[in-house]
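Student:
In full-length UniProt numbering, the protein residues as written are 1 to 715.
In structure tokens form, the structure reads like this:
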């Protein structure tokens, strides 16, 4: 009897298994491993006969409307059975955008979007959210999430700012702990740069994205051009990646953007020399949704060129997502024609197989039915509620320092609740919830802010809700106070790019009309700061930034009614007008409405400027915030703007796919010990090099439902 293949031996070393399996594969089988296809085209033939290496669902793409965990698991397991029936029985990796909880799944716990987590400054909370998300993802049989986004948003006009923790690099770095929550904590002696997964039952593969500079595009244009020096690229945008790599992050997604005009999807220097070379990343790089198609105009028209440019640059897996057979034929042709070296294919597939073996998918290919009830469980909803209350930022509390407006009284005769966002789960959750672009209404299970208010007040208190109350209601209602909840309509990616950041639905007019008659608290639901005009700010009694809190509205009322104090501080600078943009904490420009790190506490009556290294500077009340900012600006800038430390200049040879030297770049390298927070070997991680990105912010099909629906691109 022939001995079993080494790659099937779970006790064999991972690298030995990789070499054994790689040596058994044909060119066509290798090429298929590099393909990621959308679930709607993941037919038995595509998986069993053609051997697709990975499947994903776009935003809003689900097996059934309101599909249960069992429905999802049944679909993924069915695909896996097809994969295991192939010649070499190589299982697939299934990926999804679980970017604030398992947000594509009806009834899953929806956590605050990343901008809200940035307001918490709570690294341990981020890790716990990663753990909870991993469990809910595993409950559906899925192995891999395209998270976290570690972009540093420098301009709120960008439609993806809510996916970023902060405008400040150090805040972003501190919250990369979510990687260890998703994948598990690697041991102290874990090899640098090597992918890691603690348990195939309770952990999922993570994906740090988008490499690199996507938060710094000119004018905040999605998929635009990041115009900056190498020093700024390193000091602002690259720095979170070594923190993810030190935790064994398994995958990295390339950015749609460009760096000084060069698309990231075709940047050999950034993907190969920097990410895989200097940073020592040994997992695999995946493209964004149709990311390689953007390398030519019209998009995808010269597909062979797009494939050659991206694969030779260092792209390992291509999120195709629909043209699988054409991709397969063209990639095989390019290798046979000598336009892509076989060594590059072997390197890509070696990395993919390494992650597959590390993930445990060979030994545990199917879902665990015992996890089905974990979706939206009480423990996870309580964690989300904690995250919501810790993310809230109190921006104003009373019209003078001696008379705070909050906490709200629970036992009053009558209160008014108004605004477009008071009773709308979809608006609370924002984009990337059930659908790619999000939606309005009762799109998933959760508690609206109106429901939370009704739950929080006394039994004798009458709660009157009108989305847009009439003049008669406001003037004759005899309300003790009003809670007005306004904000943005959900959006994703380029659909969220804005130059007008006023409050939608004439929100400022609604606020002014109510606040002129009734003492008013305003809660803003948004993925970024919005314009709050001076006359509006003067009229309101209290102002709270709630970001995009997700499914657990009780977290908002926990603070409004005084059961918990406000802990959040601004993760981004709150501008006075869009004329100031971009404006960041590091800038020496004119004062903002509220500076980065600002946040009031109810029970102290003081403002806090919370900087990125944990110190606090206390200033007067909000009415004199401008003078506070002017006094603190120099000190804050010196703390918030820790410059990148140049330790040397290193020359890097830029070579083409065949290994021939094309040019030499000279660039400063950062001292990774400056601000390093994860591992004692950080100096081995943080040697950065240059980078670039991709372009175009206009019409594009997005990763999602497929077949004629507007779908999403990858996060």
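Just so it is clear, CB atoms sit at the ideal spot from N, CA and C, and this is done for glycine as well.
1. Look up residue 36 in the DSSP assignment and give the residues it is bridged to.
2. Between the region 483-494 and the region 414-422, do three or more beta carbon pairs fall short of 8 angstroms?
3. What do you reckon, are the CB atoms on residue 101 and residue 380 nearer than 9 angstroms?
4. As an exercise, report each continuous alpha helix (DSSP H) stretch of at least 4 residues that is fully enclosed by the region 173-198, in chain order.
5. Just the Cα atoms here: how many angstroms apart are residue 143 and residue 135?
6. Against chain B, with Cβ distances strictly below 9 angstroms, would residue 568 count as a contact?
7. Count the other C-beta atoms from every protein chain shown that fall within 10 angstroms of the C-beta of residue 301, then say buried if there are 16 or more, exposed otherwise.
8. What's the call for residue 716, buried or exposed, on a 16-neighbour Cβ count within 10 Å?
9. Can you check DSSP and say which residues form a bridge with residue 401?
10. State the start and end residues of the unbroken alpha helix (DSSP H) segment that holds residue 432.
11. Over the uninterrupted alpha helix (DSSP H) stretch that includes residue 100, give me the two end residues.
12. Which residue wins for smallest C-alpha separation from residue 305, given the options 286, 271, 277 and 265?
13. From residue 679 to residue 9, what does the alpha carbon distance come to, in whole angstroms?
14. Tell me which same chain residues have a C-beta within less than 6 angstroms of the C-beta of residue 220, skipping the five on either side of it?
15. Do you know offhand how far residue 655's Cα is from residue 269's?
16. Touch check for the region 390-403 and the region 457-473: three-plus C-beta pairs under 8 angstroms?
17. When you compare the region 325-343 with the region 91-108, are there three or more beta-carbon pairs, one atom per stretch, that lie closer than 8 angstroms?
18. Should the region 275-293 be regarded as contacting the region 359-369, the criterion being three or more beta carbon pairs within less than 8 angstroms?
19. May I ask you to report which of helix, strand or coil DSSP gives residue 543?
20. Would residue 510 pass as a contact of residue 543 if the rule is Cβ separation under 9 angstroms?
21. Assuming residue 442 contacts residue 555 under a Cβ cut-off of 8 angstroms, what Cβ separation, rounded to an integer in Å, is found between them?
22. Run the CB neighbour count on residue 413, radius 10 Å, all protein chains shown included, and call it buried at 16 or more, exposed below.
23. Distance check for residue 286 and residue 315, CA to CA, integer angstroms please.
24. Nearest-angstrom Cα distance between residue 349 and residue 27?
25. Determine the direct distance from the alpha carbon of residue 416 to that of residue 469, and round the result to whole angstroms.
26. Spell out the partners DSSP gives residue 254 in its beta bridges.
27. Does residue 360 come out as helix, strand or coil in the three-state DSSP assignment?
28. To which residues of the same chain is residue 346 closer than 8 angstroms at the C-beta, ignoring the five residues directly before and after it?
29. Applying the 10 Å Cβ sphere with the 16-neighbour rule, what's the burial state of residue 4?
30. With DSSP collapsed to three states, give me the class of residue 18.
31. Does the beta-carbon of residue 85 have 16 or more other beta-carbons within 10 angstroms, so that it is buried, or is it exposed?
32. Would you check if the region 113-133 and the region 233-251 touch, i.e. whether three or more CB-CB distances between them fall below 8 angstroms?
33. Using DSSP bridges, identify the partner residues of residue 465.
34. Are at least three pairs of beta-carbons, each pair with one atom in the region 559-579 and one in the region 112-124, less than 8 angstroms apart?
35. DSSP has residue 327 in a bridge; who is on the other side?
36. Pick out whichever of 434, 18 and 167 has its Cα sitting closest to the Cα of residue 581.
Tutor: On the basis of the coordinates in this document:
1. As a working note, residue 36 is residue 36 in the chain shown. 54 and 319.
2. yes
3. Counting from 1 along the chain shown, the entry for residue 101 is found at position 101. Counting from 1 along the chain shown, the entry for residue 380 is found at position 380. Yes.
4. 178-183
5. Taking the first residue of the chain shown as 1, we reach residue 143 at position 143. Taking the first residue of the chain shown as 1, we reach residue 135 at position 135. Approximately 10 angstroms, taken between the alpha carbons.
6. The structure shown contains no chain B; it holds only a single protein chain.
7. Counting from one through the chain shown, the residue named residue 301 turns up at place 301. With fewer than 16 other Cβ atoms within 10 Å, it is exposed.
8. The chain is shown from 1 up to 715; residue 716 falls before or after that span and cannot be answered.
9. For the purposes of this step, residue 401 is taken as residue 401 along the chain shown, with counting starting at 1. Per DSSP, none; premise fails for residue 401.
10. Locating residue 432 in the chain shown gives position 432, counting from the first residue. Neither: residue 432 is in no alpha helix (DSSP H) and is coded neither H nor E.
11. Indexing the chain shown from 1 puts residue 100 at position 100. Where residue 100 is concerned, there is no enclosing alpha helix (DSSP H), given that its DSSP letter is neither H nor E.
12. Taking the chain shown and counting its residues from 1, one reaches residue 305 at position 305. The shortest Cα separation from residue 305 among 286, 271, 277 and 265 belongs to 265.
13. Numbered from 1 along the chain shown, position 679 holds the residue referred to as residue 679. Numbered from 1 along the chain shown, position 9 holds the residue referred to as residue 9. Reliability fails at residue 679, whose pLDDT of 32 lies under 50, so the model's placement of it is uncertain and no value is given.
14. Along the chain shown, one-based indexing puts residue 220 at 220. Once the five neighbours on either side are set aside, the close Cβ partners of residue 220 are 155, 157 and 158.
15. Here residue 655 refers to the residue found at position 655 when the chain shown is read from its first residue. Here residue 269 refers to the residue found at position 269 when the chain shown is read from its first residue. Any reading at residue 655 needs caution, since the residue's pLDDT is 35, under 50, leaving its predicted position unreliable; the model's value is listed next. Looking at the two C-alpha atoms, the distance is approximately 8 angstroms.
16. no
17. no
18. no
19. Indexing the chain shown from 1 puts residue 543 at position 543. The answer is strand: DSSP assigns residue 543 an E or B state.
20. On the chain shown, position 510 is the one that residue 510 refers to. On the chain shown, position 543 is the one that residue 543 refers to. Taking 9 angstroms as the Cβ cut-off, residue 510 and residue 543 do not qualify as a contacting pair.
21. In the chain shown, residue 442 corresponds to position 442, counting from 1. In the chain shown, residue 555 corresponds to position 555, counting from 1. About 19 angstroms separates the two Cβ atoms, so there is no contact after all.
22. Numbered from its first residue, the chain shown carries residue 413 at position 413. Exposed is the call here.
23. The residue you call residue 315 lines up with position 315 of the chain shown. The residue you call residue 286 lines up with position 286 of the chain shown. If I take the Cα positions, the gap works out to 6 angstroms.
24. Start at 1 with the first residue of the chain shown, and residue 349 comes out as number 349. Start at 1 with the first residue of the chain shown, and residue 27 comes out as number 27. Using only the alpha carbons, I get a separation of about 10 angstroms.
25. Translated into positions along the chain shown, residue 469 becomes position 469. Translated into positions along the chain shown, residue 416 becomes position 416. Distance between the alpha carbons of residue 469 and residue 416: 9 angstroms.
26. For this step, residue 254 is matched to residue 254 along the chain shown. Bridge partners of residue 254: 211.
27. By one-based count along the chain shown, residue 360 stands at place 360. Three-state result, residue 360: coil.
28. Working through the chain shown from its first residue, we reach residue 346 at position 346. Only 22 and 30 meet the Cβ criterion.
29. On the chain shown, position 4 is the one that residue 4 refers to. When all chains shown are included, residue 4 counts as exposed.
30. Here residue 18 corresponds to residue number 18 of the chain shown, with the count starting at 1. Note: residue 18 maps to helix in three-state DSSP.
31. As a first step, residue 85 must be located in the chain shown, where it is residue number 85. That one is exposed.
32. no
33. By 1-based counting over the chain shown, the position of residue 465 is 465. Answer is 417, bridged to residue 465.
34. yes
35. Residue numbering aside, residue 327 sits at position 327 when the chain shown is read from its first letter. Answer by DSSP bridge pairing: none, since residue 327 is not bridged.
36. Taking the chain shown and counting its residues from 1, the one referred to as residue 581 is at position 581. That would be 167, whose Cα lies nearest to the Cα of residue 581.
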